[in-house]
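In case it helps, the numbering used here puts the sequence shown at residues 5 to 543.
Backbone N, C-alpha and C define an ideal beta-carbon position, used for all residues, glycine too.
So the structure is just underneath, and the comments pick up after that.
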Amino acid sequence: MTLVEIIRELWRRTILEVDGREWARMTAPLAVRHATGAKRVLFCEAVWMLATAKMESLFAAGLAREGYETHLLLPARNRAVERAFRAVCPLAAVHTIEDRLDASVREAAEADAARVLEGASLEALLGLEVDGFRAGRSALSALVRRLRIGRLDESHRDAALAALARAFAVKRVAQTLIAEVRPDLAVFVERGYTPAGEFFDASVTAGVDTVQWLSAPQSDRLLFKRYRPETRSDHPLALDDATWTAVKVAPFDAAAEAALIDTLAANYNSGAWFNRQQLQVGKRAAGRDEARAALGVVPGRKAAGIFCHILYDATFFYGESLYPDYETWLIETVRHAIANPNLDWLIKVHPVNVWRSKMDGKAMEQLEAAALRRAFGELPAHVRLVPADTALNTWAFFGAIDYGLTVRGTVGMEMPCLGIPTVTAGTGRYSGRGFTIDPATRAEYATVLSTLHEVPPLDAATMSLARRYAHATFELRPVKFAGFKIDYSPRTFGVHERSVDVKVSAAQAEGFHTQADFVRLIRWLTGSRAGDLLMYDIE
């Protein structure tokens, strides 16, 4: 190491040491000092962050009071993470993946991967399932994320072989560890990429009560979802069937619908929606005429918005898709758009490209533009690319279009609330719920796009159905906790591990476990089998 690198590492360790002491001080009233219980919970931090470990330590403390023995899974030993977790659960058992990946496990996994990949296309690997493990999905998702690419081809075969071998090795570790620990409950924050994906599948297939938590669209709230074998491909924002059945018949009048639309508009116009990803920073609101003019929509013509996904993020996790990856979907969708000049087609690059590039420490690449340039060269006048850093916010974009297209993006829940017909190209989120157009095949998808300009706006009943779904997803499921605060803009002191933080005040710590929101969570984790945690019971 150079002198500069040594100084940076010493600084990092010092900051993390101070952070650890501060966390221990603020959570001291919460610490649970017994180790064994009648049941066991495994917190799967296979893709770790210091902030998520802090958060899960709070959940662990609540579960320990209900008789749960605490186990923590990490990819490798990490002093800062273990210290943060053990500040609240001092006797938690810590397990690491790397400690179990010995030479024999790696060699056997490499042999298995070579045998499976021999003669097989990379696209075929997406459907690979072994002993209930979707090894192809998790391995290839991790690979495109690491390489920051939208599509795999034969030039990536060696990298795919290594990724698949890693997945097979982790699969063996996951099966062994789940059998040894025998958890009654497994808690995940990341559950798609290797190595998290293999532990998620191991948990679900073993019949363990399996839960994922994640940040909600509102930065001060969290979402919780329980998975079963038949729902394990569902997106965490998707409503469970039982929740949707109850929501469809619950009271929801015109005033409630209007309030939802006001909330969506306010969240976009204020930048509060997914604010941790800075999606609307520097973007302006605009009326329909102003937005259409800014986007170059020809007066009197209808416009369709093609909402790009991040081409390399969570590419293969959820449901089933008409196309093998988001890049192929984009290219084929634009191909159909070129063939239908009856509409102005606006290709909206996802705004999270800006934030994601900052988080990855990379230059802001618009892979979508490069992919379309390779496929088509110059686009015709009726098809235009709207860059990730466009000055218009997403709500203004909604106001400018008459149709929307996505694979399974969040916008597919929002646009139907405004009467905008929305075409999906994938399941696992909200397709089939009655308010989107869901082609079952590529041929059907092509037919829909060729006549999309003839589709009328959604009727009142369909809009109302979409609004019920959006209300349950965005307002009923996100839970705001009084006992702690998630800080997405803390002082990092130049240390990446502090890019997100969790804070518990002394006043909050004293009554933490008796607060209604936390009690509701622990009851849902321990005494329920409901798929979704809700802020309140549906009447």
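What is the rounded straight-line gap between the Cα of residue i and the Cα of residue j?
| i | j | result |
| --- | --- | --- |
| A210 | A173 | 18 Å |
| E114 | A171 | 10 Å |
| D491 | A64 | 20 Å |
| P461 | G309 | 14 Å |
| V411 | D317 | 13 Å |
| R166 | R119 | The amino acid occupying residue 166 in the given sequence is Ala; Arg does not appear at that position. When rounded, the distance between both Cα atoms is 13 Å. |
| G304 | R292 | 12 Å |
| Y72 | V185 | 12 Å |
| H99 | T180 | 12 Å |
| I101 | A470 | 43 Å |
| P33 | M539 | 26 Å |
| G200 | A258 | It is Ala, not Gly, that sits at residue 200 in the sequence shown. Whole-angstrom Cα-Cα distance: 43 Å. |
| A42 | T518 | 22 Å |
| A298 | I182 | 55 Å |
| A374 | Y330 | 14 Å |
Could you tell me how far apart the beta carbons of residue i and residue j are, in whole angstroms, since I believe they sit closer than 8 Å?
| i | j | result |
| --- | --- | --- |
| R433 | G416 | 7 Å |
| L347 | A307 | 6 Å |
| P425 | Y407 | 5 Å |
| G487 | V508 | 7 Å |
| P355 | A392 | 5 Å |
| F256 | H475 | 7 Å |
| R427 | I405 | For clarity, residue 427 is Val in the given sequence; the question names Arg instead. Wrong, their Cβ atoms sit about 12 Å apart, outside the cutoff. |
Look up residue i in the DSSP assignment and give the residues it is bridged to.
| i | result |
| --- | --- |
| G309 | L350, G408 |
| G430 | S325 |
| E73 | R44 |
| Q216 | F192, K229 |
| A97 | H75 |
| K489 | K507 |
| R388 | L350 |
| D536 | K229 |
| F137 | V134 |
| L396 | R288 |
| I441 | V427 |
| V483 | L226 |
Report yes if the CB atom of residue i is closer than 9 Å to the CB atom of residue j, and no otherwise.
| i | j | result |
| --- | --- | --- |
| S237 | L227 | no |
| Q216 | R232 | no |
| T319 | S145 | yes |
| L456 | A429 | no |
| L121 | L130 | no |
| A84 | F137 | no |
| T332 | R155 | yes |
| T337 | L453 | yes |
| A143 | L46 | no |
| E479 | L241 | no |
| D23 | A68 | no |
| V483 | R225 | yes |
Got a sec? Which residues, its chain only, sit under 6 Å from residue i by beta carbon, not counting five neighbours each side?
| i | result |
| --- | --- |
| F203 | C48, A50, A178 |
| V505 | For the record, residue 505 in the displayed sequence is Asp; it is not Val. Once the five neighbours on either side are set aside, the close Cβ partners of D505 are A55, D491, P494. |
| T431 | G323, E324 |
| L105 | A173 |
Using a Cβ-Cβ cut-off of 7 Å (strictly less than) and excluding sequence neighbours within five positions of residue i, which residues of its own chain qualify?
| i | result |
| --- | --- |
| F497 | I19 |
| F401 | A295, G309, K352 |
| Y272 | Q284, N397, T398, W399 |
So, at 8 Å on beta carbons, what are the nonlocal neighbours of residue i in its own chain, with the 5 sequence-adjacent residues on each side left out?
| i | result |
| --- | --- |
| L95 | R37, H38, A39, T74 |
| G300 | D348, R388 |
What do you reckon, is the C-beta of residue i under 8 Å from a heavy atom of the ligand HEM?
| i | result |
| --- | --- |
| A178 | Absence of the ligand HEM from the depicted structure is noted, as is the absence of any ligand whatsoever, leaving it without description. |
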